[in-house]
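Participant: Residue numbers (our numbering): 130 to 732.
All residues carry an ideal CB built from backbone N, CA and C; glycine is no exception.
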């Protein structure tokens with residue numbers, strides 16, 4: 130079966146090399162535009178070394194520790210809540226390329242300059258990879274004509290590309306790329322002649338789980354595809370089942386062995402890759418392998434559906450009994466007060482409705498492009514037949530999973546965006562086809578004219594009709610700029626008690642250890658920090674001394690500190706924020722300039 134048999138758009142005959150060359154040129158052009166859009170960040174990273182997110186700061190701190198001799202399997206951040214340390218829920222998957230780039234650049238640049246280069250080059254290389262991945266996905270689902278509008282839409286998807294800007298070195302960008310790759314490879318594998326690509330989809334899913342569990346909902350849609358294909362297509366789906374089962378059977382144990390310490394192989398952690406998610410993935414492999422053997426049930430649709438349901442229940446029931454709590458709340462062990470004060474106020478972790486209420490402009494930048502994407506995928510599924518319809522339904526299912534995830538956590542919208550791009554690109558092609566009778570130039574103009582109203586950057590240029598929050602409501606950035614930490618780095622090394630949000634930056638910018646940082650596994654340190662700032666000064670003294678803090682740091686414009694002060698008006702934080710501040714006798718102010726932080730030595 131040729132691409133023309135199931136592609137929703139008519140392919141023009143051209144040599145494969147020419148088609149590949151055109152795709153590469155389109156990716157290069159898209160990358161040039163996206164680089165121009167984020168060039169100011171390149172300059173800022175190089176000149177200031179700023180971090181724009183706590184996770185980026187902590188990622189660099191983790192890479193430094195690894196390059197400095199910390200063991201591969203030791204993911205404890207020993208300067209966080211020292212001396213006990215805090216075991217991170219991350220893995221070395223992202224540390225590996227980031228550390229390699231840092232070492233390579235440090236061969237010909239100073240240590241800090243080499244690190245800055247890595248923080249610039251790593252996300253830009255991921256940006257290029259993303260565009261290439263979107264191009265492949267568009268080519269598989271839409272045909273060659275879909276590549277150009279898909280790349281244009283990806284470049285104009287500002288909120289998605291925000292995960293790929295220079296300085297963004299956390300795991301979200303690799304996860305988005307892996308999602309696009311597992312979608313494209315599974316869509317391609319629906320053609321029996323290319324079923325081997327299902328192993329690539331399985332491997333991408335395994336690597337994604339090894340990084341973090343944020344793609345879990347999308348991965349469930351990928352896991353469901355081979356069994357559903359067997360239900361509808363019967364024997365023809367055997368190669369898909371075999372390749373997918375084999376891919377999971379090899380890649381899941383491999384990722385577990387390489388990235389998880391042997392001592393933790395059977396620790397059923399809910400917030401990271403562990404035996405819980407490995408068992409679920411291997412259960413999917415067993416289901417697919419079992420369906421290959423269920424040949425006596427292949428004869429009718431109903432027998433195949435019944436066999437899948439029974440085998441799925443046999444495999445899934447014990448897994449659900451053992452690990453259902455992980456799927457309900459991966460952060461089940463988080464202290465309730467820490468959740469209330471910190472996690473519920475993390476921007477990327479807000480539910481969609483709450484985020485849209487706080488930032489109305491984001492409705493038009495996120496919801497409208499997503500709506501067009503879903504509309505395009507639904508219409509394309511309806512109008513297509515055969516493998517073409519199956520591919521659109523697959524992408525639509527993954528997009529719907531993204532909508533569900535976005536409802537719980539707005540960050541998922543950045544992963545949903547490149548999937549919705551496929552539906553938007555289909556609509557853009559339809560707009561071009563509507564004017565194809567007026568000539569090729571008119572059709573091309575119509576195609577790309579349709580791109581802008583389906584992109585987030587297009588809607589960013591439209592004034593919002595709803596009031597937007599003021600900078601003071603969003604929170605001040607002065608507390609997190611590198612310049613704010615430079616004077617603090619000159620103090621003798623010690624343990625610092627500061628707000629949760631600040632901890633990662635202190636670890637990256639100073640030699641100090643910290644009590645608290647924005648990581649949910651640090652329950653003890655984070656709760657201790659909240660209790661200390663909320664307690665009356667006399668009670669706070671014992672709490673602060675109890676965690677071994679040498680310094681107490683407070684930035685008056687920090688939103689978290691302001692929240693604590695408002696909630697506990699007679700607490701330590703409220704007193705230190707007054708004008709003049711109420712400084713208890715056991716805190717000695719440190720005269721320091723060039724920083725918004727008030728610094729106290731604990732006596």
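Using the C-alpha atoms, what's the distance from residue 579 back to residue 620?
Facilitator: Those two C-alpha atoms are separated by around 56 Å.
Participant: Measure how close the beta-carbons of residue 316 and residue 520 come, nearest whole angstrom, since I'm counting them as under 8 Å.
Facilitator: With 8 Å as the limit, residue 316 and residue 520 qualify as a contact, their Cβ atoms being about 4 Å apart.
Participant: Tell me whether residue 732 sits in a helix, a strand or coil according to DSSP, three-state version.
Facilitator: Residue 732: coil per DSSP, three-state reduction.
Participant: With H, G and I counted as helix, E and B as strand and the rest as coil, what does DSSP make of residue 680?
Facilitator: Of the three classes helix, strand and coil, the one that applies to residue 680 here is strand, per DSSP.
Participant: How many angstroms separate the CA atom of residue 534 from the CA atom of residue 456?
Facilitator: The alpha-carbon atoms of residue 534 and residue 456 are separated by roughly 12 Å.
Participant: Would you report the Cα separation of residue 494 and residue 511, rounded to the nearest angstrom?
Facilitator: Distance between the alpha carbons of residue 494 and residue 511 is about 27 Å.
Participant: From what residue to what residue does the beta strand (DSSP E) around residue 463 run?
Facilitator: No beta strand (DSSP E) holds residue 463; DSSP gives it neither H nor E.
Participant: Taking the beta strand (DSSP E) that residue 716 belongs to, which residues open and close that run?
Facilitator: Start and end: 716–718.
Participant: First and last residue of the beta strand (DSSP E) that includes residue 624?
Facilitator: Counting along the chain, the beta strand (DSSP E) containing residue 624 begins and ends at 624–626.
Participant: Closest by CA to residue 244, which one among 282, 178 and 564?
Facilitator: Checking every option, the nearest Cα to that of residue 244 belongs to 178.
Participant: At which residues does the alpha helix (DSSP H) containing residue 567 begin and terminate?
Facilitator: Looking at the DSSP string, residue 567 is not in any alpha helix (DSSP H), and its letter there is neither H nor E.
Participant: Would you report the Cα separation of residue 233 and residue 247, rounded to the nearest angstrom?
Facilitator: Cα-Cα distance, rounded: 9 Å.
Participant: Taking just the CA atoms, how far does residue 565 sit from residue 390?
Facilitator: When rounded, the distance between both Cα atoms is 59 Å.
Participant: Answer with yes or no whether the minimum CB distance from residue 534 to chain D is below 7 Å.
Facilitator: In the displayed structure, chain D is absent; only one protein chain is listed.
Participant: Contact between the stretch 619–637 and the stretch 156–169: three or more CB pairs below 8 Å?
Facilitator: Result no; under three Cβ-Cβ pairs closer than 8 Å.
Participant: Alpha carbons only, please: which of 508, 641 and 703 is nearest the one belonging to residue 661?
Facilitator: Out of 508, 641 and 703, 703 has the C-alpha closest to the C-alpha of residue 661.
Participant: Could you pull the DSSP bridge partners for residue 643 from this structure?
Facilitator: Per DSSP, 209 and 625.
Participant: Distance check for residue 645 and residue 214, CA to CA, integer angstroms please.
Facilitator: If you take the alpha carbons of residue 214 and residue 645, they lie about 11 Å apart.
Participant: Within 10 Å of its beta-carbon, does residue 201 have 16 or more other beta-carbons around it, so buried, or fewer, so exposed?
Facilitator: Classification of residue 201: exposed, given that the 10 Å Cβ count is below 16.
Participant: Take residue 536 as the anchor and find which of 479, 517, 568 and 554 has the nearest alpha-carbon.
Facilitator: Looking at the Cα atoms, 479 is the closest of the given residues.
Participant: Tell me the rounded alpha-carbon separation between residue 328 and residue 219.
Facilitator: Each residue's alpha carbon lies about 25 Å from the other.
Participant: So the candidates are 654, 559 and 546; which of them puts its Cα closest to the Cα of residue 585?
Facilitator: Checked all of 654, 559 and 546; the closest Cα to residue 585 is 546.
Participant: Give a yes or no on whether the C-beta atoms belonging to residue 413 and residue 450 are separated by under 7 Å.
Facilitator: Their beta carbons are not under 7 Å apart, which means residue 413 does not touch residue 450 by this criterion.
Participant: Is residue 338 closer than 7 Å to residue 431 when the C-beta atoms are compared?
Facilitator: Taking 7 Å as the Cβ cut-off, residue 431 and residue 338 do not qualify as a contacting pair.
Participant: Using 10 angstroms around the beta-carbon of residue 666, count the other beta-carbons present and answer buried if the total reaches 16, otherwise exposed.
Facilitator: Buried, because 16 or more other Cβ atoms sit within 10 Å of the Cβ of residue 666.
Participant: Between the stretch 346–365 and the stretch 419–431, do three or more beta carbon pairs fall short of 8 Å?
Facilitator: Verdict: yes, contact present.
Participant: Could you have a look at residue 504 and say whether DSSP puts it in helix, strand or coil?
Facilitator: Reduced to three states, the DSSP call for residue 504 is helix.
Participant: Output needed for residue 279: all residues of its chain with C-beta closer than 6 Å, excluding positions within five of it in sequence on either side, in chain order.
Facilitator: For residue 279, where only same-chain residues beyond five positions count, the Cβ hits under 6 Å are 263, 267, 550 and 554.
Participant: Is it right to say residue 251 is buried, meaning 16 or more other beta carbons lie within 10 angstroms of its own, or is it exposed?
Facilitator: Under this definition residue 251 is a buried residue.
Participant: Looking only at C-alpha atoms, which of 722, 332, 491 and 198 sits nearest to residue 383?
Facilitator: With distances taken between Cα atoms, residue 383 lies closest to 332.
Participant: Could you tell me the boundaries of the alpha helix (DSSP H) in which residue 673 lies?
Facilitator: Its alpha helix (DSSP H) spans residues 666–675.
Participant: Taking residue 731 and residue 679 to be in contact with their CB atoms under 8 Å, please state how far apart those CB atoms are, rounded to whole angstroms.
Facilitator: Yes, residue 731 and residue 679 are in contact; Cβ-Cβ is about 6 Å, under 8 Å.
Participant: Name, in chain order, the residues that DSSP records as bridge partners for residue 227.
Facilitator: In the DSSP output, where bridge partners are listed per residue, residue 227 has none listed.
Participant: What are the boundary residues of the alpha helix (DSSP H) that includes residue 431?
Facilitator: From DSSP, the alpha helix (DSSP H) with residue 431 extends over 430–457.
Participant: Would you report the Cα separation of residue 454 and residue 727, rounded to the nearest angstrom?
Facilitator: C-alpha separation (whole angstroms): 43 Å.
Participant: Identify the continuous alpha helix (DSSP H) that holds residue 266 and give its terminal residues.
Facilitator: Note, residue 266: alpha helix (DSSP H), 240–271.
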